[in-house]
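Asks: After the structure tokens below, expect a handful of questions from me.
2 protein chains.
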Amino acid sequence: MMNIGIDVGGMTIKSGIVDENCNIIETLIISTEVEKGFEKIAQNMVDMINNLVKKAKLTLNDIDTIGVGIPGVADEKGKIYFATNLYWVDVDLGKILRDNFPSQKIYVENDATVACVAEHSFGSIKGVKNAIMLTLGTGVGGGIIINGEKYSGSNGIGSEIGHMVINRGDNFYECSCGNNGCFETYCSALAIIKYAQKLVEDEEYSGKLKGIKKEDITAKLIFEGYEEKDDLCVKVVDRFIDNLSTGIANLINIFAPEFITLGGGVSNSYNLYIDELYKKVQEKIIFKKLPFARIVKAQLGNNAGIIGAAMLK
Amino acid sequence: MMNIGIDVGGMTIKSGIVDENCNIIETLIISTEVEKGFEKIAQNMVDMINNLVKKAKLTLNDIDTIGVGIPGVADEKGKIYFATNLYWVDVDLGKILRDNFPSQKIYVENDATVACVAEHSFGSIKGVKNAIMLTLGTGVGGGIIINGEKYSGSNGIGSEIGHMVINRGDNFYECSCGNNGCFETYCSALAIIKYAQKLVEDEEYSGKLKGIKKEDITAKLIFEGYEEKDDLCVKVVDRFIDNLSTGIANLINIFAPEFITLGGGVSNSYNLYIDELYKKVQEKIIFKKLPFARIVKAQLGNNAGIIGAAMLK
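From first to last, the protein sequence lines are chains A and B.
For the first sequence, the numbering used here gives the first residue as 2, with consecutive numbering after it.
For the second sequence, the numbering used here gives the first residue as 2, with consecutive numbering after it.
Structure, rendered in structure tokens:
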């Protein structure tokens, strides 16, 4: 039997048929057409699934599960509470898929949890008993593996690790969730960029980022500047590492996992900060002399969304 | 078959034989004799177990498991890394019990996890799938139930929820773990007392706590003052509620459990702060319009330590 995995993004919807060895044997990609609204996009997804199966010269009888990763929050029945970038609020993707594919098991999950399942199926935390994934992208997403299975809480809406407050009221901007001091407002790509933009504006500074338009400052540039020892970039990245170590120490104190794996764009610079990160995590965890989680880099690239969704159960 | 549960405290060691319906059918209590050191105390525990079985007119063949709750940290084999109040460091209680009782399964766990297992076996979170227990005592202890089973991490040393940093560097005193800003430095009985002591000292104040010796200020007095609307006590308890709501919102965002149960001495005043606590938790969680965990009061009293230890597996 084979599974279908679907990765819903703001620009494209990627689908693939995945065999039991995690090989993608066929793919189909469509554009998301956000402006046409949920009903139309859901119908496009149904058509895409049928076309994908035909393209692979299979029938639906060959397909066991259909899993979907979304940039938002869904409950265990596939009802989506919201997916901000898609302008979806209270839409029932699970029901539409079940109505159209009554012989397949249907799963809908947050994309960070899907990425975590992919890493657990065949990536950096393959087969591990207990692990946490942090996706350091625009926000900070969280995925949790407990006893070898994904964990997203009683109603499927947990693992929102980016909204763990670590520093109440201390940050210069508010989190989208309404709090001030969330993990993601220190450790996402956006957080890094915002802090650099603020420093470029606020301080006497004539280094690497001087003269670059604020909106053109990227996390990649900042990490390059860190490597080149540019004062401002060092200050920004040091702050990132310091807060990342606090968040990770919290997770180790609570979960005592074997692994923490870092994904998302900011994990591309993993080699630049991992030594300092380990040092600070060890200083901050409660049991400083005992072995603690390995902090590794996620291994999977673009296809992780498809494969993770296909592995949902 | 019956189990033995042992609750090791700084003053006494309580033991009991517990049947499959969670009834304690016999007990035996000895004093802890901290000053005589680990070897002697462990021998006393072995003798206690044998005497307990005799007292109940049973033999060891009737006993399936022996579980021990300790005020400290143990791995899954019963090696205790430390139990600060007992002055135990790197002692192997599990091995001594296995050597003396080779036919019984031996479990050693942190006492907050044991309290959580007791509440899950027959108290406030009985049979719940996912739940968190916070013991608000001298420190803040944590217990975690995931998929109906206790969770304490890959090496058994997790669930240290009291050392989740929520407010980096903000507090006026350092946590014993070396960080500043840990949950327990805002929400334990000790935290409440310390803050009241500081305010009595610092401020022009002529209310309830004026003239009381600093070392005689208790959490009970402070909550009485809160009820009587004493300015200082209101300020102390408001700060406690505010930070408790941040910590609980973090846990709900991460775990999305059905229940959070509050135990320990500070939970005695649950009725005084639960309404305000719910309100603030709802303001702080990411999904403010979705149902979230019920926050309840632990139900079990003195015997929870024995029964929880007997239920370990």
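Heads up, the beta-carbon is just placed ideally off N, CA and C, and yes, glycines get one too.
Only a predicted model underlies this, so the values are computations on that prediction, with no experimental measurement involved.
Pick out whichever of B:Asp231, B:Leu252, B:Gly309 has its Cα sitting closest to the Cα of Ser207 (chain B).
Replies: The sequence position of residue 207 (chain B) within the second sequence is 206, counting from 1. Of the listed residues, the one whose Cα sits closest to Ser207 (chain B) is B:Asp231.
Asks: Within the same chain, show all residues whose beta-carbon is closer than 7 Å to that of Trp89 (chain A), passing over the 5 residues directly before and after it, in chain order.
Replies: Translated into positions along the first sequence, residue 89 (chain A) becomes position 88. The residues are Phe39, Gly73, Ile81, Phe83.
Asks: Is it true that the CB of Met312 (chain B) sits closer than 8 Å to the CB of Val118 (chain B)?
Replies: Against the second sequence, residue 118 (chain B) aligns to sequence position 117. Against the second sequence, residue 312 (chain B) aligns to sequence position 311. Cβ atoms of Val118 (chain B) and Met312 (chain B): closer than 8 Å.
Asks: Is Cys117 (chain B) helix, strand or coil when you go by DSSP?
Replies: Taking the second sequence and counting its residues from 1, one reaches residue 117 (chain B) at position 116. Residue state, collapsed to three classes: helix.
Asks: With 9 Å as the limit, tell me which residues of the segment 78-109 of chain A have their beta carbon closer than that to any beta carbon of chain B; keep them in chain order.
Replies: Within the segment 78-109 of chain A, the qualifying residues are Tyr82, Phe83.
Asks: Three or more beta-carbon pairs under 8 Å between the segment 262-273 of chain A and the segment 133-142 of chain A, yes or no?
Replies: With a cut-off of 8 Å, the segment 133-142 of chain A and the segment 262-273 of chain A count as touching, because enough Cβ pairs lie within range.
Asks: Which full runs of the beta strand (DSSP E) of 3+ residues lie inside the segment 66-92 of chain A, going along the chain?
Replies: Listed in chain order, they are 80-84.
Asks: Give me the Cα-Cα distance between Leu222 (chain A) and Asn181 (chain A), rounded to the nearest whole angstrom.
Replies: Translated into positions along the first sequence, residue 222 (chain A) becomes position 221. Translated into positions along the first sequence, residue 181 (chain A) becomes position 180. Computed Cα separation, rounded: 26 Å.
Asks: Leaving out five residues before and five after Thr28 (chain A) in sequence, what residues of the same chain have Cβ atoms less than 6 Å from its Cβ?
Replies: What you label residue 28 (chain A) is simply residue 27 of the first sequence in a count that begins at 1. Correct list, in chain order: Gly17.
Asks: What whole-angstrom Cβ distance do Leu98 (chain A) and Gly70 (chain A) have, given they're in contact under 8 Å?
Replies: As a working note, residue 98 (chain A) is residue 97 in the first sequence. As a working note, residue 70 (chain A) is residue 69 in the first sequence. 13 Å between Cβ atoms; not a contact.
Asks: Are the beta-carbon atoms of Ile249 (chain B) and Ile287 (chain B) separated by less than 8 Å?
Replies: In the second sequence, counting from the first residue as 1, residue 249 (chain B) sits at position 248. In the second sequence, counting from the first residue as 1, residue 287 (chain B) sits at position 286. Result no, Cβ atoms of Ile249 (chain B) and Ile287 (chain B) do not sit closer than 8 Å.
Asks: Taking the DSSP output, what are the residues bridged to Ala311 (chain B)?
Replies: Within the second sequence, the letter at position 310 stands for residue 311 (chain B). DSSP output for Ala311 (chain B) lists no bridge partner at all.
Asks: Specify the secondary structure class of Asn304 (chain A) as computed by DSSP and reduced to three states.
Replies: Along the first sequence, one-based indexing puts residue 304 (chain A) at 303. Three-state DSSP puts Asn304 (chain A) in coil, outside helix and strand.
Asks: Note the first and the last residue of the continuous alpha helix (DSSP H) segment covering Tyr274 (chain A).
Replies: For this step, residue 274 (chain A) is matched to residue 273 along the first sequence. 271-285 is the extent of the alpha helix (DSSP H) around Tyr274 (chain A).
Asks: Using the beta-carbon count (16 or more within 10 Å), is Ser155 (chain A) buried or exposed?
Replies: Working through the first sequence from its first residue, we reach residue 155 (chain A) at position 154. Per the 10 Å Cβ criterion, buried.
Asks: Just grab the DSSP bridge partners of Phe184 (chain B) for me.
Replies: Position 183 of the second sequence, counted from the first residue, corresponds to residue 184 (chain B). DSSP, once it has assigned bridges, lists no residue as partnering Phe184 (chain B).
Asks: Considering only DSSP beta bridges, list what Ile146 (chain B) is partnered with.
Replies: In the second sequence, the residue the question calls residue 146 (chain B) occupies position 145. Paired residues: B:Ala132, B:Lys151.
Asks: Could you spell out where the alpha helix (DSSP H) holding Ile5 (chain A) opens and where it closes?
Replies: Stepping through the first sequence from its first residue, residue 5 (chain A) is reached at position 4. Unbroken run through Ile5 (chain A) is the beta strand (DSSP E), 3-9; no alpha helix (DSSP H).
Asks: Taking one C-beta from the segment 292-307 of chain B and one from the segment 44-54 of chain B each time, how about it: are there three or more such pairs within less than 8 Å?
Replies: Flag = no, the segment 292-307 of chain B and the segment 44-54 of chain B do not touch.
Asks: What residue does the beta strand (DSSP E) around Tyr108 (chain B) start on, and which one ends it?
Replies: Within the second sequence, the letter at position 107 stands for residue 108 (chain B). Here the beta strand (DSSP E) through Tyr108 (chain B) covers 106-111.
Asks: Taking the beta strand (DSSP E) that Thr28 (chain A) belongs to, which residues open and close that run?
Replies: In the first sequence, the residue the question calls residue 28 (chain A) occupies position 27. Note, Thr28 (chain A): beta strand (DSSP E), 25-32.
Asks: Where does Arg295 (chain B) fall in DSSP's three states?
Replies: Residue 295 (chain B) sits at position 294 when you count from the first residue of the second sequence. Reduced to three states, the DSSP call for Arg295 (chain B) is strand.
Asks: Alpha carbon to alpha carbon, how far is Glu175 (chain B) from Ile42 (chain A)? Give it in angstroms, no decimals.
Replies: If you number the first sequence from 1, residue 42 (chain A) lands on position 41. If you number the second sequence from 1, residue 175 (chain B) lands on position 174. Whole-angstrom Cα-Cα distance: 53 Å.
Asks: If the criterion is Cβ atoms closer than 8 Å, does the pair Gly159 (chain A) and Ala257 (chain B) meet it?
Replies: Taking the first residue of the first sequence as position 1, residue 159 (chain A) is located at position 158. Taking the first residue of the second sequence as position 1, residue 257 (chain B) is located at position 256. Yes, the pair counts as a contact, with Cβ atoms nearer than the cut-off.
Asks: When the cut-off is 8 Å and only beta carbons count, does Lys130 (chain A) lie next to chain B?
Replies: Residue numbering aside, residue 130 (chain A) sits at position 129 when the first sequence is read from its first letter. Output row for Lys130 (chain A): interface = yes.
Asks: Is there a C-beta anywhere in chain B that falls below 8 Å from the one on Phe224 (chain A)?
Replies: The count along the first sequence starts at 1 and reaches residue 224 (chain A) at position 223. For Phe224 (chain A), the answer is no, since every Cβ of chain B falls outside 8 Å of its Cβ.
Asks: With Glu228 (chain A) and Leu278 (chain A) assumed to form a contact (beta carbons below 8 Å), what rounded beta-carbon distance in angstroms separates them?
Replies: Locating residue 228 (chain A) in the first sequence gives position 227, where the first residue counts as 1. Locating residue 278 (chain A) in the first sequence gives position 277, where the first residue counts as 1. Not quite, the Cβ-Cβ distance comes to about 15 Å (not below 8 Å), so this is no contact.
Asks: Taking the C-alpha atoms as reference points, what is the distance between Ile242 (chain B) and Ile167 (chain B)?
Replies: The residue labelled residue 242 (chain B) in the question sits at position 241 within the second sequence. The residue labelled residue 167 (chain B) in the question sits at position 166 within the second sequence. Cα to Cα, the separation comes out at about 13 Å.
Asks: Ignoring anything shorter than 4 residues, give me the alpha helix (DSSP H) runs that lie fully in the segment 191-246 of chain A, in order along the chain.
Replies: Correct list: 220-228.
Asks: Going along chain A in order, which residues have a C-beta closer than 9 Å to the C-beta of Tyr206 (chain B)?
Replies: Position 205 of the second sequence, counted from the start, is the residue given in the question as residue 206 (chain B). The premise fails here: Tyr206 (chain B) is roughly 25 Å from chain A at the closest Cβ pair, so nothing lies under 9 Å.
Asks: By DSSP, does Phe288 (chain A) sit in helix, in strand, or in coil?
Replies: What you label residue 288 (chain A) is simply residue 287 of the first sequence in a count that begins at 1. Residue state, collapsed to three classes: coil.
Asks: Name the two residues that bound the continuous alpha helix (DSSP H) containing Lys58 (chain A).
Replies: For the purposes of this step, residue 58 (chain A) is taken as residue 57 along the first sequence, with counting starting at 1. Run containing Lys58 (chain A): none; DSSP gives neither H nor E here.
Asks: Can you tell me which of B:Lys58, B:Gln105, B:Phe123 puts its alpha carbon nearest to the alpha carbon of Ala305 (chain B)?
Replies: What you label residue 305 (chain B) is simply residue 304 of the second sequence in a count that begins at 1. Among B:Lys58, B:Gln105, B:Phe123, the Cα nearest to that of Ala305 (chain B) belongs to B:Phe123.
Asks: Quick one: grab the DSSP three-state call for Ser189 (chain B).
Replies: For the purposes of this step, residue 189 (chain B) is taken as residue 188 along the second sequence, with counting starting at 1. Coil, per DSSP.
Asks: Let me know if Gly302 (chain B) comes out buried or exposed under the rule of 16 or more other beta-carbons within 10 Å of its beta-carbon.
Replies: For the purposes of this step, residue 302 (chain B) is identified with residue 301 of the second sequence, where counting begins at 1. Burial call: exposed.
Asks: At 7 Å on the CB atoms, spell out the chain B contacts of Thr33 (chain A), in chain order.
Replies: Position 32 of the first sequence, counted from the first residue, corresponds to residue 33 (chain A). Simply none; closest approach about 24 Å.
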